[in-house]
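To start, the structure under review is shown below, and the notes come after it.
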Amino acid sequence: MELPDLLSQIFDRVRRDLDFSLFLSALQQNNVAYYIYYLPTGNIKFVTNTDAVVSMKSNRDLLIVSTKINLAKIKLAAKKHFAGESGYDEFCIALAGSGVFKWVTDLNDKKRRYWSVDNILLYVDDITCPENAL
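Going letter by letter, the sequence shown gives residues 1 to 134 in full-length UniProt numbering.
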């Protein structure tokens, strides 16, 4: 299976099952160093540990990103989503409404960074990686 198709399946599975440990492990097994998720479009850019780039286009409707930053809502949206208390679409809508334009998940330093339209770093949180995948 080609890497773009495989990455698409991995993302579809995590959106449905909210199994973040399995998701991160699958990305690592496929040599992904980090990925950038663009909230307005839903498009994703993956960068591998060998600097190869794979782009994945979304078919969902556009989201409008607020120009008003609300850090408390960003933190709450992340906390709820990664605790399994909110679905993927709800998470994306909450982030866009709080001023997040994109997030970058770095599997090497285990951080997720949320950025504004003006490319200002808004918030950084830790990602949870399965111990055996590292």
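Heads up, the beta-carbon is just placed ideally off N, CA and C, and yes, glycines get one too.
In whole angstroms, what is the alpha-carbon distance linking residue i and residue j?
| i | j | result |
| --- | --- | --- |
| residue 83 | residue 20 | 10 Å |
| residue 22 | residue 69 | 31 Å |
| residue 59 | residue 109 | 30 Å |
| residue 29 | residue 10 | 11 Å |
| residue 147 | residue 2 | Residue 147 falls outside the range modelled here, since the chain spans only 1 to 134, and no answer is possible. |
| residue 121 | residue 24 | 22 Å |
| residue 93 | residue 64 | 9 Å |
| residue 43 | residue 86 | 21 Å |
| residue 115 | residue 53 | 20 Å |
| residue 7 | residue 67 | 31 Å |
| residue 13 | residue 89 | 14 Å |
| residue 46 | residue 104 | 10 Å |
Compare the C-alpha of residue i against each of the options and name the closest.
| i | options | result |
| --- | --- | --- |
| residue 55 | 36, 69, 30 | 36 |
| residue 51 | 33, 66, 61 | 33 |
| residue 127 | 92, 79, 46 | 79 |
| residue 91 | 47, 39, 13, 7 | 39 |
| residue 31 | 95, 106, 97 | 106 |
Going by DSSP in three states, residue i sits in which element: helix, strand or coil?
| i | result |
| --- | --- |
| residue 33 | strand |
| residue 60 | coil |
| residue 20 | helix |
| residue 91 | helix |
| residue 39 | coil |
| residue 123 | strand |
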